[in-house]
Amino acid sequence: MTSTADFEREGLLEGLNEPERSARVNLLQQLTDAGVSLAELREAVAQERLALLPIQQLLDRTARYTLREYSELTGLTEEFLQRDYPALGLPEPQSEDRWFSEEQVAAGRMLKQVLDAGVPEERFIELARTVGRTSAVIAEALLQMFAEVFLRPGDTELDLGLRFASLAEALMPTVRPLIGNVVELHMRHLVSSEVIDRTTRVTGLLPGSRNVTVGFADLVGYTRLGEGLGTEHIGDIANRFANLAAEVAEPPVRLVKLIGDAAMLVSYETAPLLGAVSRLIAVVDQQEAFPPLRAGVARGGAFRHAGDWYGRPVNLASRITGVAPSRTLIATQDVCEASGSGFRCESWKQMTLKGIEGSVALYQITATA
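Take the sequence shown: its position 93, counted from the start at 1, is 185 in the working numbering, and no numbers get skipped.
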């Protein structure tokens, strides 16, 4: 059994006064009893993440299979798995590391059925990259939520570590069905709005591009603001902006991504997107201690890949946003013509934009209702 003297020799108790010292000794003892090595403890203390080791132990405890064993149980080749995990944004599993749980084996067998049904490995690797990016964001958000909601003033490492582990044990079983349910709801919405026309059915190929309306909106002066305010305040503004953008993006408008101080929205229909962007400008203007918003909108053929959109209207909307005045929505002539009766278009400028061929006629659009 590891003693307090052992922890002292390893330098694990340096600089601590009571009650932090007693709490750390208690936590270190519980972790060593659970099989954590002194080397792992030294690393965790040096990186100031000792309080997270109990939750790490909880998440790791079901991992029982090595890469080779997982491959044998699922029928997935080691070569495929060594490509799949980096695509997911995870470290490549080493041959002798016990990474995989019974649930992951079951999921791996289902994946093997999908591949055997005819889905090419390359296409699945592309999907894995998208899933990995999204899952990393969800995992970070979950951990941040835990920290913000359940951190108590004056917590010792022992208090925090055991509380987080207890909460994770209670709540983690709900995470998979909750996330799976949201994915299913998004699939239902996408299926209800997608089109598979005769050409697609005859050729068996998805169209190279579709006409969409693309809007970018960014916070004016956000970068300069960050130089004068603390990181926490800037992060709060970014989080509030993300929430506001998500709230206005009602179907058929979709919030594609957030890039720091900017949001990208897309819709097959122009008027709903203009309405969403106009509402976002207005609601941001009502926020206290918030930089104003500006927006650019363009329409045209774009293609979708891995959940993102690419093409001229995407680039054009982004460039327009960069020249738009604060609190305004600037758009192309195509957008004006498709805007409908709920909006007023006024000629603004004829401009040459960086990376866009030719000059572009730009219009200021305002909602009439």
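Even for Gly, the Cβ is constructed at its ideal location relative to N, Cα and C.
Reduced DSSP secondary structure (H/G/I, E/B, other) of residue i
| i | result |
| --- | --- |
| TYR162 | helix |
| GLY327 | helix |
| ILE367 | Position check: residue 367 holds Gly in this sequence, whereas Ile was assumed. DSSP places GLY367 in helix when its eight states are reduced to three. |
| GLN122 | helix |
| VAL348 | strand |
| THR424 | strand |
| ALA342 | In the sequence on display, residue 342 carries Glu and not Ala. Here GLU342 sits in coil by DSSP. |
| ALA416 | coil |
| ARG244 | coil |
| PRO265 | helix |
| PRO212 | coil |
| LEU297 | Per-residue confidence for LEU297 stands at a pLDDT of 49, beneath the threshold of 50, marking its modelled position as unreliable; the derived number appears in the next sentence. Correct three-state label for LEU297: coil. |
| GLU100 | helix |
| GLY181 | coil |
| MET237 | helix |
| GLY200 | helix |
| ILE147 | helix |
| GLU110 | coil |
Minimum C-alpha distance to residue i - residue among the options
| i | options | result |
| --- | --- | --- |
| ASP310 | GLY399, TRP401, ARG386 and THR169 | ARG386 |
| ASN118 | LEU254, GLY447, GLU429 and PRO383 | LEU254 |
| PHE308 | ASP247, TRP401 and GLY327 | TRP401 |
| HIS397 | SER301, LEU421, ILE147 and HIS325 | SER301 |
| ILE326 | ASP353, GLY224 and GLU339 | ASP353 |
| GLY403 | VAL304, GLY272 and ILE230 | VAL304 |
| ARG371 | THR460, PRO417, GLU361 and LYS349 | THR460 |
| GLU161 | LEU180, ASP152, ASP189 and LEU145 | ASP189 |
| PRO369 | VAL197, MET237 and GLU342 | Here the sequence assigns Val to residue 369, which means Pro is not the residue at that position. Measuring from the Cα of VAL369, the nearest candidate turns out to be GLU342. |
| GLN122 | VAL267, ALA257, GLU232 and PRO384 | ALA257 |
| SER418 | ILE373, ALA409 and ASP251 | ILE373 |
Residue i versus residue j: straight-line alpha-carbon distance, rounded
| i | j | result |
| --- | --- | --- |
| GLY432 | ALA390 | 15 Å |
| ALA337 | VAL358 | 12 Å |
| SER163 | VAL211 | 19 Å |
| PHE172 | THR226 | 21 Å |
| ARG221 | GLU132 | 30 Å |
| PRO185 | TYR455 | 54 Å |
| ALA126 | VAL241 | 27 Å |
| VAL223 | ARG268 | 14 Å |
| LEU350 | ALA334 | 7 Å |
| ASP426 | VAL348 | 21 Å |
| GLN139 | LEU104 | 12 Å |
With 16 other Cβ atoms within 10 Å as the buried cut-off, status of residue i
| i | result |
| --- | --- |
| LEU243 | exposed |
| THR154 | exposed |
| LEU270 | exposed |
| MET264 | exposed |
| SER451 | exposed |
| PRO405 | buried |
| GLU449 | exposed |
| SER410 | buried |
| LEU297 | The pLDDT assigned to LEU297 is 49, lower than 50, so where the model puts this residue is not dependable; a value taken from the coordinates is nonetheless given after this. Exposed: under 16 other Cβ atoms inside 10 Å. |
| GLY447 | exposed |
| THR362 | buried |
| ARG332 | exposed |
Those residues which DSSP pairs with residue i across a bridge
| i | result |
| --- | --- |
| ASP400 | HIS397 |
| PHE308 | MET356 and GLY388 |
| TYR157 | PHE192 |
| GLN379 | Answer by DSSP bridge pairing: none, since GLN379 is not bridged. |
| PHE435 | ALA459 |
| GLN442 | ALA453 |
| ASN303 | GLY393 |
Proximity test, Cβ basis, 8 Å: residue i and chain B
| i | result |
| --- | --- |
| GLU429 | The structure shown contains no chain B; it holds only a single protein chain. |
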